[in-house]
Each structure stands twice: as C-alpha cells, then as structure tokens.
Amino acid sequence: MASWVMFGIGCVIAALNRDYAPVGTMDKVDRSVFKYSRSSEFNCCFPLPDVAVALIWQTMRSINGAPVNFKENPDTMSHLNVAVIGAGPAGIYASDLLVRNSEHEVHVDLFEQMPAPFGLIRYGVAPDHPRIKGIITSLHKVLDKPEIRLLGNVTIGTDITIEELREYYDAVVIATGAVRDRPLTIPGIDAAGSFGAADLVGFYDGNPRFSRDWDLSAEQVAVIGVGNVGLDAARVLAKTADELLVTEIADNVYESLSRNAATEVHIFGRRGPAQAKFTPQELKELDHSPTINVVVDPEDIDYDAASEEARRASKSQDLVCTILEQYAIREPKDAPHTLQIHLFESPVEILQHDGRVVGLRTERTELDGTGNVRGTGSFTDWPVQAVYRAVGYESDPLPGLPFDPEAAVIPNDGGHILHSPGGSPVPGLYATGWIKRGPIGLIGNTKSDAKQTTDMLLADATAGQLTAPAHAEHNAIIELLDSRGVDYTTWEGWYQLDAAERALGESSGVPGRERKKIVEWEDMVSHARATKVTV
Ligand SMILES: Cc1cc2nc3c(=O)[nH]c(=O)nc-3n(C[C@H](O)[C@H](O)[C@H](O)COP(=O)(O)OP(=O)(O)OC[C@H]3O[C@@H](n4cnc5c(N)ncnc54)[C@H](O)[C@@H]3O)c2cc1C
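Start counting the sequence shown at 1; every next residue gets the next number (full-length UniProt numbering).
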C-alpha cells in the first residue's frame, strides 16, 4: 500500500513540475528516481517490487514528455552497467542506443577527458558553422536522459585504467575519436610556418589543450589537402576577424585573427575534381563570404573514364565537380581575399630560408585513365609564407588496449575490440566512431556506426557473454574518483558552463552572438563545478 501511495505522490509532483518547474528540474526528478530504482537504498527504505519501480520511473518520464520506452519483459530483463569512453557524437549516440534498447535495462556512465562534452562538434566543427554546432542541441535530449551519467574531466588511461573500469562495468565502449593531424612526410615539413590544420582548428575552436596565440603574419598561405578540414582552415584564414566575431570564438582567437595578414589562400590537391573529398555544401559555402573571391583554373578541370564513372556513381561527387566547374568559368568576384583551389598539383617540398617557410613546390600531375594520377615532371614553386597540412586526422592508442598502428584504429570486427587485427574478440570491450573506423565521415555517420556496435554489445548481453563486474553499485565509481581527487564534471555542470558562455556572448555587445567560449581549463571546471552537483 505504502508503495502505491509513493507512486501516487510521485505522479502528482511530476505533473505539477511539468507545468511550473524551471527547465531542467524535471530531469533532476527523473534522475533521482532512476538512481534510486537502481540502488539497494531505495528498496531498503521503500520495499517495492522491481516492476513497480520501473512503472513509477516510466510514468514520470512519460509525464515529462520524454519518449517512453517500455521494456519488453521488465520483470525478467537484465541490468547492465556500461562505461562509454568519449562524449563525442559516437559516444553520445552509442549511449542513447544502449539505454533505448527494449531487452535490457542499461545504465551508462559516459566518461569524457575534457571538462565539456561533444568532442569534435565543440572542438572541430568550424565556428562559422552554427547549424552543425547546433547538433549539440539535439544531443542535449540524449544527455538529459536519467539513465546516462556524464563524468567529464576524467581521462581514461590516466585517472582510471581500462583494467579498473572492467571491475565496475559489464561492458566498456571506446569512442575516443581523433584529435591530431596525420603526419605528412615531405622535405621542409618541420620549417617554422609549417602547421598541422588540427592545431589551427584546436586554436580557433578554443580547445584548452592548444595554443592561445597564432602566427598569422603570412600574406600568402598554402593548404595541402582537398577535404572539408582543408576548406575549413582555408575559409577561416581567408575571412576577416570581424566576419567571425558573431560566432562563439574566444577573445584570444579574435585578437589573433585581427592580425591576420593573409590575402591569398591556396588549396592544393594532387588529383582532380572527381577525386576531391569536399562535400558540396562546404564547397559552395566558400562563396558566401563577401570578402572571398573563389578561383579555380579551367586547366584544373579534367576527367578520365574512371572520373566520369565516379561522377555517375555519386550524386554528391557530381555536384562537387559541377561547383568546381562553375568557379572555373565565372567572372572574378570583387573581394579583397583570393582563395584558389589548385587541382592536379602534388606538393613535393616545403621551401625554406633560414628555417622559415618561403614557398611550396608542387609537381603537376595528370590522370592515368583509372582515376589515379602520375607526375608529369613539371614543377612549380608557389611563394607562400605558411603551409597548413590538412591530410587527415589520426587517433591515439589508449593505454591497456590493442592498437593497429597501420590503420591507426583499435582493431575490431565492426564492434568488438579484437586482440589484434583479424584476431579474437576481447570479451566486454567494444569500439565505435572514428577510433573504430578511422577519421572519415560526418557526424551523422557516427550514428549508424554506433548502432552496429551497440547491437553487438546487446546481443552479447542476451547471450550471457558479459561478465558481471565486482563493483556494480551506482556510486562505486564516484567513490573511486573522489578517493583520487578527480574533479569530475557532470551534465548539470555542463548546463552551468553553457549558461556562463551564453552570458558572455550576450554581454559582448555583438548582435546575434549566442555564445563566447570559455577556453581556460580551470575556468571551465570551476563553472561546471560552481554548485554542488548531483550524480
Ligand atoms: C576540423 C573538423 C571539422 C569537422 N566538421 C564537420 C562538419 O562541419 N559536419 C560534420 O558532420 N562533421 C564534421 N566533422 C566530422 C565529425 O567531427 C566527426 O565525424 C565526429 O566528431 C567523430 O565522432 P567521434 O565521437 O568518433 O570522435 P570525437 O568527436 O573526436 O569524440 C571523441 C571524444 O573522446 C574524448 N576522449 C578521447 N580520449 C579520451 C580518454 N582517454 N578518456 C576520456 N575521453 C577521451 C575526446 O575528448 C572527445 O570528446 C569535422 C571533423 C573535423 C576534424
């Protein structure tokens, strides 16, 4: 009887909160109910059958407007504690899929090394792409879920080892992504003025791990690589600082960009239009800036049979070719900065004088009939004072886990982590996102990727192939973090940091500016931990 009275009270509170509580309050109600439903504490104080606990929880969630996910057999379903490592899109989508499954009651602890979640959406996507950054809003709905607990400012491999995590969770999903440039080995790559695009991205996106200042004294700049990261770097370098002021860039970034001397930015790719890795939208968008004149030499538009086939096979590639053709034939735009895309130019050496970049040497290439290119033996020296390589990102190994140095991924079979490439699975360990399949693809791709991985995990759980952890209690991991003095941040903490950044944007006096990023690590942590948070 007492149980049903509690249930009734819970429903009334929930209904009242729905209409009058400030945003976020209901999440806390949900969270505490869920937390207790999973701990022995609740049943100690209020002995309820599991089904009743599940029913209260589901009812309160449905009143709150959250999608209700009635499990198929709530009385027999198994409880799983899963650790997901990395709160980028892959880790967040995987967490969502795990808690939404209909067979198992899953609780996820989502570990993130940065004080804030969202991975490369926060620290990779360019600041002048507010629509893409806006994906964060839809991810809020996932992280608001009471079954997912964010633990930020915790580096797995340093603060807690993988081996230790195995003692707290039925399964561990690695979603650690990638943050640094793939190396490019051409002579001169170490000269002053030769940079990795990932370092520039880390700087302009306010990643606390990257430089606070940037040398932008070069008037002519080369970017090596015809993918979207190259376009991002080139576009940010070709725009004026004032064009970016309305975005979330931090003060130190605006100040550096205000000193940017670049008037010419040259992008170089060794192959042709049908092999360029741009996406159409990003390529077209270059032209939206009134300060950038986009140029393509008509000589750089060429196709062989394989290229024509590539156009027919992919609508997106065909569109990229069409946009490049349009840039090649149009009248030049009257704009102070030129951004030229050079195709069939293979960078072979960064030229230097006294250790500083003074140019880029490229070799002209031509199509060989198969979509590949060969060198023509004709070389050009382009006078540039800075070179950015944007030839791809690369993932780092995680201590205690296998790593395939060739592919720079954790060896896996599409989900299970393997002892070695093609080897046997390591029970209870899974991978998803860029660390699983390499640094290619858009945010949307990480969703299907996460589905493949979580399906495998859940199937293993159903088949009884996961080993129950030694410490399954909800707060055992918190006690471990506390005992080690780790200043972990939480989802409530993110709301505090988010509010502080939004307030800075609003008070900046720039109309339409939604946010100004907080860059210093300690400042992020202190905002996120400003008030005592519940876990
Ligand atoms: C410069 C750039 C611009 C991009 N722009 C776009 C775009 O405009 N549109 C688009 O759709 N896609 C874009 N992408 C691609 C998109 O960012 C990726 O597809 C996506 O972020 C990959 O997701 P992920 O979760 O695998 O990796 P990440 O986003 O890299 O997330 C991994 C997370 O794991 C954390 N982590 C790493 N190691 C540890 C550890 N030891 N302990 C705890 N946490 C750890 C990291 O801090 C990070 O938060 C861009 C990528 C880059 C590099």
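Positions of the beta carbon are idealized from the N, C-alpha and C atoms, including for glycine.
Just so it is clear, the structure is predicted and the values come from calculations on it, not from any experiment.
| query | How big is the Cα-Cα spacing for W57 and V99? | reply | In the sequence shown, residue 57 corresponds to position 57, counting from 1. In the sequence shown, residue 99 corresponds to position 99, counting from 1. Unreliable positioning characterises W57 in this predicted model, as indicated by a pLDDT of 41, which lies under 50. A coordinate reading is not provided.
| W494: first and last residue of the uninterrupted beta strand (DSSP E) it sits in | Within the sequence shown, the letter at position 494 stands for residue 494. Premise fails: W494 lies in the alpha helix (DSSP H), W491 to E506, not in any beta strand (DSSP E).
| Looking only at DSSP bridge pairs, what is H107 linked to? | Indexing the sequence shown from 1 puts residue 107 at position 107. Per DSSP, N81.
| said: Rounded to the nearest angstrom, what separates I63 and A335 at their Cα positions? | reply: Here residue 63 corresponds to residue number 63 of the sequence shown, with the count starting at 1. Here residue 335 corresponds to residue number 335 of the sequence shown, with the count starting at 1. For I63, the predicted structure reports a pLDDT of 37, less than 50, and the residue's modelled location is therefore unreliable. The matter cannot be settled from this model.
| request: From the DSSP output, in three-state form, read off N101 for me. | output: Counting from 1 along the sequence shown, the entry for residue 101 is found at position 101. N101: coil per DSSP, three-state reduction.
| task | Buried or exposed for L165, please, with buried defined as at least 16 other CB atoms from any protein chain shown within 10 angstroms of its CB. | result | Along the sequence shown, read from residue 1 onward, the residue named residue 165 stands at position 165. Classification of L165: buried, given that the 10 Å Cβ count is 16 or more.
| Over what stretch of residues does the alpha helix (DSSP H) that includes E243 continue unbroken? | What you label residue 243 is simply residue 243 of the sequence shown in a count that begins at 1. From DSSP, the alpha helix (DSSP H) with E243 extends over A241 to L244.
| query | Under three-state DSSP, which class holds L466? | reply | As a working mapping, residue 466 is identified with position 466 in the sequence shown. In the structure shown, L466 sits in coil (DSSP, three-state: anything other than H, G, I, E or B).
| query | Alpha carbon to alpha carbon, what distance is there between I174 and P402? | reply | Locating residue 402 in the sequence shown gives position 402, counting from the first residue. Locating residue 174 in the sequence shown gives position 174, counting from the first residue. Cα to Cα, P402 sits roughly 12 Å from I174.
| Is the distance from the Cβ of E112 to the Cβ of V172 below 8 Å? | Within the sequence shown, the letter at position 112 stands for residue 112. Within the sequence shown, the letter at position 172 stands for residue 172. Cβ distance not < 8 Å, so E112 and V172 don't count as in contact.
| query | Leaving out the 5 sequence neighbours to the left and right, which residues in its chain are closer than 7 Å to E282 when beta-carbon positions are compared? | reply | Here residue 282 is taken as the residue at index 282 of the sequence shown, counted from 1. N228 and L231.
| task | Indicate, with yes or no, if ligand 1 has a heavy atom lying under 7 Å from the CB of H140. | result | For the purposes of this step, residue 140 is taken as residue 140 along the sequence shown, with counting starting at 1. For ligand 1, not one heavy atom lies less than 7 Å from the Cβ of H140.
| said: For T376, which residues in the same chain have their Cβ closer than 6 Å to its Cβ, ignoring the five residues on either side in sequence? | reply: To locate residue 376, count along the sequence shown from 1; it is residue 376. Excluding sequence neighbours, T376 sits near R364 and E366.
| Ranges of the alpha helix (DSSP H) found wholly within the stretch 302-373, counting only runs of at least 4 | Fully enclosed alpha helix (DSSP H) runs of 4 or longer: 305-313 and 315-329.
| request: Would you kindly report the start and end of the unbroken alpha helix (DSSP H) that includes residue 538? | output: A question about residue 538 goes unanswered here, because the residues of the chain that appear run from 1 up to 535.
| query | Assuming A386 and F210 make a contact with CB atoms under 8 Å, what is their CB distance in whole Å? | reply | Against the sequence shown, residue 386 aligns to sequence position 386. Against the sequence shown, residue 210 aligns to sequence position 210. Contact flag wrong, Cβ pair sits at about 17 Å.
| field | P332 to N293 span [Cα, whole Å] | value | For the purposes of this step, residue 332 is taken as residue 332 along the sequence shown, with counting starting at 1. For the purposes of this step, residue 293 is taken as residue 293 along the sequence shown, with counting starting at 1. Answer to the nearest angstrom: the Cα atoms are 7 Å apart.
| said: Give me, in chain order, the residues of the same chain whose beta-carbon lies closer than 6 Å to that of G202; leave out the 5 immediate sequence neighbours on both sides. | reply: In the sequence shown, residue 202 corresponds to position 202, counting from 1. The beta carbon of G202 sits closer than 6 Å to those of F210, all from its chain and outside the five residues before and after it, given in chain order.
| Contact set for D514: own chain, Cβ-Cβ below 6 Å, skip 5 residues either direction | By one-based count along the sequence shown, residue 514 stands at place 514. In the sequence on display, residue 514 carries Glu and not Asp. Correct list, in chain order: G505.
| Whole-number beta carbon distance between A262 and A218, since they are thought to touch under 8 Å | Here residue 218 refers to the residue found at position 218 when the sequence shown is read from its first residue. Here residue 262 refers to the residue found at position 262 when the sequence shown is read from its first residue. With 8 Å as the limit, A218 and A262 qualify as a contact, their Cβ atoms being about 6 Å apart.
| message | Here's a check: name, in chain order, each residue in its chain whose Cβ is nearer than 6 Å to the Cβ of Q340, leaving out the five neighbours to either side. | response | Looking up residue 340 in the sequence shown gives position 340. H266 and V295, listed in sequence order.
| said: ligand 1 and D232: does any heavy atom of the ligand fall closer than 7 Å to the residue's C-beta? | reply: Numbered from 1 along the sequence shown, position 232 holds the residue referred to as residue 232. Yes, ligand 1 has a heavy atom inside 7 Å of this Cβ.
| task | Pull up the DSSP beta-bridge partners for Q220, would you. | result | Taking the first residue of the sequence shown as 1, we reach residue 220 at position 220. As a beta-bridge residue in DSSP terms, Q220 pairs with E264.
| Under 7 Å from any heavy atom of ligand 1, does the C-beta of V179 make it? | Position 179 of the sequence shown, counting from 1, holds the residue named residue 179. It does: the Cβ of V179 is within 7 Å (strictly closer) of some heavy atom of ligand 1.
| task | Return the first residue and the last residue of the alpha helix (DSSP H) that S211 is part of. | result | Within the sequence shown, residue 211 is the residue found at index 211, counting from 1. First-last for S211: undefined, no H or E at that position.
| query | What do you reckon, are the CB atoms on A197 and R389 nearer than 8 Å? | reply | As a position in the sequence shown, residue 197 is number 197, starting the count at 1. As a position in the sequence shown, residue 389 is number 389, starting the count at 1. Their beta carbons are under 8 Å apart, which means A197 touches R389 by this criterion.
| query | L110 and L151: beta carbons closer than 8 Å? | reply | The residue you call residue 110 lines up with position 110 of the sequence shown. The residue you call residue 151 lines up with position 151 of the sequence shown. Yes.
| Taking Cβ positions, are V223 and A276 nearer each other than 8 Å? | As a first step, residue 223 must be located in the sequence shown, where it is residue number 223. As a first step, residue 276 must be located in the sequence shown, where it is residue number 276. No.
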